[in-house]
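Enquirer: Let me begin by handing over the structure; questions about it come next.
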Amino acid sequence: QYILPKLWLTRLAGWGASKRAGWLTKLVIDLFVKYYKVDMTEAQKPDTASYRTFNDFFVRPLRDDVRPLNTDPQILLLPADGESRQL
170 QYILPKLWLT RLAGWGASKR AGWLTKLVID LFVKYYKVDM TEAQKPDTAS YRTFNDFFVR
230 PLRDDVRPLN TDPQILLLPA DGESRQL
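Following our numbering, the numbering of the sequence shown begins with 170 at its first residue and continues without gaps.
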């Protein structure tokens with residue numbers, strides 16, 4: 170935990186995620202998709218080659234029919250993948 174400089178590693182990761190690196194960017198995205206089992210059929214652009222940076226991929230828009238929103242005013246809506254365990 171204290172051996173590596175966390176701040177600099179975080180900055181390096183952020184810098185790398187915002188770079189356009191062509192085949193390297195596609196490779197990183199493809200590895201991420203495979204490792205985390207990302208369902209790319211839900212994305213508006215399912216081809217990983219269409220994302221110029223990892224950041225573009227990470228905030229990719231989904232198809233409108235993938236995550237329908239509950240319109241019930243009694244329901245708290247948190248429009249994000251995942252779940253909230255505490256408020």
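Backbone N, C-alpha and C define an ideal beta-carbon position, used for all residues, glycine too.
Only a predicted model underlies this, so the values are computations on that prediction, with no experimental measurement involved.
Can you give me the C-alpha to C-alpha distance between Val202 and Thr240, rounded to a whole angstrom?
Expert: 31 Å
Enquirer: According to DSSP, Ala212 sits in a beta bridge with which residue or residues?
Expert: For Ala212, which the question treats as bridged, DSSP gives the partners Leu231.
Enquirer: Which residues in the same chain have their Cβ closer than 6 Å to the Cβ of Arg236, if we skip the five residues on either side of it in sequence?
Expert: none
Enquirer: Between which two residues does the alpha helix (DSSP H) carrying Ile198 extend?
Expert: Trp192 to Tyr205
Enquirer: I think Ala218 touches Lys195, with their Cβ atoms under 8 Å apart; what is that distance to the nearest whole Å?
Expert: 5 Å
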